[in-house]
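Remarks on the structure that follows.
Structure representation (structure tokens):
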């Protein structure tokens, strides 16, 4: 099994792949469609998503995030604020919006993928199973580490 984290060549391919994956998995299969679609659509428009793809063809996971300032991320995670699109393009904090995979190793791989893209940055993670967000900081870049690729290689 060769697992890679990539983006789709086209936004419609990304959208279809993500929604198809989420529709068949808990807890996303029980969530209201509107917020799921808004989260996925925003992440794709920003380029803040990655698909976990096995052997170059099967989507087995995904991760979606936003970049904003720390205070906005905290308020957003608590449901106290809804930032504008422009407020989610750049910032010192990674707001991890949605993610999962066919097994914990894939979900953890998605988190590591984001950490490799934004070494040393703070993060706020929305947790559906907890009453408060998880807070932390990604580790600094490792010596000799090759930064995560923005290469798009999935889909037509």
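In this note's numbering, the protein residues as written are 259 to 414.
Cβ atoms here follow ideal geometry from the backbone N, Cα and C, with glycine treated the same way.
Being a predicted model, the structure only gives us computed values, none of them experimental.
- Just so you know, the alpha carbons of residue 376 and residue 342 end up roughly 22 Å apart.
- By the CB criterion at 7 Å, residue 311 and residue 279 fall outside the cutoff.
- Under DSSP, residue 264 shares a beta bridge with 309.
- Pairing residue 285 with residue 294, the inter-Cα distance amounts to about 11 Å.
- Within the same chain, Cβ atoms closer than 6 Å to the Cβ of residue 379 are found at 352, 396, the five residues on either side in sequence being excluded.
- In terms of Cα proximity to residue 300, the closest of 329, 288, 340, 370 is 340.
- At least 7 Å separates the beta-carbon of residue 383 from that of residue 297.
- Excluding residues up to 5 positions away in sequence, 310, 318, 319 lie with their Cβ nearer than 6 Å to the Cβ of residue 364 in the same chain.
- By the C-beta density criterion, residue 392 is exposed, having fewer than 16 other C-beta atoms within 10 angstroms.
- In the DSSP assignment, residue 299 falls within the unbroken alpha helix (DSSP H) covering 291-304.
- Taking residue 394 as the centre and dropping the five residues before and after it, the same chain places the C-beta of 380, 381, 383 closer than 8 Å to its C-beta, in chain order.
- When the beta-carbon positions are compared, residue 302 and residue 263 stay at least 7 Å from each other.
- Residue pairing of residue 392 in beta bridges, as defined by DSSP: 383.
- Contact annotation: residue 371 and residue 275 have beta-carbon atoms that are not nearer than 7 Å.
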